[in-house]
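First comes the structure, then the notes that go with it.
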Amino acid sequence: MRPAPGTTDTSNARFTVTFSDQFEAKEIFTELARKKAIGVELKSDDLDYLDLGDGAQLHVTFDFRFKPNGPNGTFSPALQMRIDDFRREFQQELQQAGIRNYAPES
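Numbering (the working numbering), first residue to last: 54 to 159.
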């Protein structure tokens, strides 16, 4: 089920980084999810040679799915809050590590 227009899709996260940053970015993502007790599953990791504004280079896009904790695949309000915090903190940690996320925030 898709989220309503103008709302966040709680169930997914996507980020795109340069090939050289992929391992550190993925480690930041999985460690933060672990700290916040958020279950995640890697749906895909796509490799593309793109020019995203700073010259053509190899990029990796990771697409994750957050695991629901409620009945019928729903997310509890507490988990939704942790996911919202996670999204903000993940961007901050990438910036602190000097890693640029080329994907639009989801």
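Beta carbons are placed, not taken as given, at the ideal position from N, Cα and C, and that holds for glycine.
Residues that residue i bridges to, as DSSP identifies them
| i | result |
| --- | --- |
| glutamate 80 | According to DSSP, glutamate 80 bridges with nothing at all. |
| arginine 87 | According to DSSP, arginine 87 bridges with nothing at all. |
| arginine 67 | Asp116 |
| aspartate 101 | His112 |
Beta-carbon separation (whole angstroms), residue i vs residue j, contact threshold 8 angstroms
| i | j | result |
| --- | --- | --- |
| alanine 66 | leucine 147 | No, alanine 66 and leucine 147 are not in contact; Cβ-Cβ is about 12 angstroms, not under 8 angstroms. |
| phenylalanine 82 | phenylalanine 143 | 6 angstroms |
Reduced DSSP category for residue i - H, G, I as helix; E, B as strand; rest coil
| i | result |
| --- | --- |
| arginine 153 | coil |
| lysine 96 | strand |
| aspartate 186 | Residue 186 lies beyond the range of the chain shown here (54 to 159); nothing can be said about it. |
| glycine 126 | helix |
Close-in-space but distant-in-sequence residues of the same chain around residue i (CB under 6 angstroms, 5 per side omitted)
| i | result |
| --- | --- |
| lysine 89 | Arg135, Phe139 |
| threonine 69 | His112, Thr114, Tyr155, Ala156 |
| aspartate 74 | Ile152 |
| threonine 60 | Per-residue confidence for threonine 60 stands at a pLDDT of 40, beneath the threshold of 50, marking its modelled position as unreliable; the derived number appears in the next sentence. Nothing meets the Cβ criterion. |
| glycine 123 | Ser129 |
| leucine 132 | Asn122 |
Neighbourhood of residue i by C-beta distance below 7 angstroms, restricted to the same chain and skipping five residues each side
| i | result |
| --- | --- |
| glutamine 149 | none |
| leucine 100 | Leu111, Val113 |
| serine 97 | Asp116 |
Cβ neighbours of residue i in the same chain (closer than 8 angstroms, five flanking residues each side left out)
| i | result |
| --- | --- |
| aspartate 104 | Gln110 |
| tyrosine 102 | Ala109, Gln110, Leu111, His112 |
| message | I want to know whether the segment 108-125 touches the segment 76-96 - three or more CB-CB distances under 8 angstroms. | response | Contact annotation: the segment 108-125 touches the segment 76-96, with at least three C-beta pairs closer than 8 angstroms.
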